[in-house]
Amino acid sequence: MKYRIECQPGYSYLEVELDPGDSVASESGAMAWMDPTIDMETSTRGGVFSGLKRALLSGESFFQNTYTTETPGSRIALAPGPSGAIVALELKGEEIYLQKGAYLASIGDIKIDTKFDGLKGFFNEGLFILKCSGTGTLFFNAYGDIQQVQLTGQNVGQDVDDLFDDEWESSVQVPGDYTVDNGFAVAWDPSLNYRLTTGRKIRQFLFGDQIMLRFSGQGRVWVQSRSPQAFASWVHPYRRVKSKND
């Protein structure tokens, strides 16, 4: 099986070439186009209870699609809802956490489940995140471009300005803790510890201070360059409001 990610990072889509015996699973509604030789099966993947958990608790689709073929070289394209980058991550019996809405597709034996994150999480103003585990290739999407930040767990409090240059890097290393706005964190390793932080004063929190997550330990965090919540707030004043006379 072959795959490639096209139109990175602005309007990415995933193209997969399937042979007999291959399969790729995706979110319902992610299929952009496919060859007529590809078959699609819709299921809850894991049973009705798993589908309900994904749909009600994490905002994912109740149904997921699995694509197969009997014809070598059959192709399918999968595209996420938001415009932005797609990350292909190889899992070898590992786990990774995703914010809701970030899962796009998977190849191999990968299980998508919902994890209750407690009050410390609050990702995207919700308490539930996605736990992806197993062996295979996981594809997740961002809004805007995405950067992998590697926390080394050393030298807490050290100035990290020298780690960044004038050019965008897809991966950087950071010693010590790392603070991310909750709308910008896309994925992270379960080896990391994190806690919710806000402004020091209640007044700051109530009148516009950000809700942030402070990561510590060793592991990776994927951070997107745009926030859906921030974009929605920016668009809101310009939306057309229907008057009573219309």
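In this note's numbering, the protein residues as written are 3 to 248.
We treat Cβ as the ideally placed atom computed from N, Cα and C, and that holds for glycine.
Because the structure is a prediction, the values reported are computed rather than measured.
As computed with DSSP, THR181 is found in a beta bridge with ARG216. For SER45, the uninterrupted beta strand (DSSP E) segment begins and ends at 40-45.
In the DSSP assignment, GLU92 falls within the beta strand (DSSP E) that extends over 88-100.
The beta-carbon distance between SER28 and GLN66, rounded to whole angstroms, is 7 angstroms. This is short enough to meet the 8 angstroms contact definition.
Pairing ARG228 with VAL188, the inter-Cα distance amounts to about 11 angstroms. By the neighbour-count criterion, in which a residue is buried when 16 or more other Cβ atoms sit within 10 angstroms of its Cβ, MET36 is buried. The beta carbon of ASN195 is closer than 8 angstroms to those of PHE217, SER218, GLY219 in its chain, skipping five residues each way along the sequence. In this structure, GLY221 is the residue among GLY221, TYR105, ILE98, THR139 with its C-alpha nearest to the C-alpha of THR154. Shown here, TYR13 sits in coil according to DSSP, grouped into three states, outside any helix or strand. DSSP lists ILE40 as the beta-bridge partner residues of THR71.
In this structure, the beta-carbon distance from ASP147 to PRO11 falls below 8 angstroms.
Per DSSP, the unbroken beta strand (DSSP E) holding ALA189 starts and ends at 187-190. Between GLU72 and PRO38 a beta carbon distance of about 12 angstroms is seen, past the 8 angstroms cut, so the two are scored as non-contacting. For the 8 angstroms CB-CB criterion, LEU140 and LEU80 do not form a contact.
Nearest to CYS134 by alpha-carbon distance, out of TYR145, GLN156, ASP111, is ASP111.
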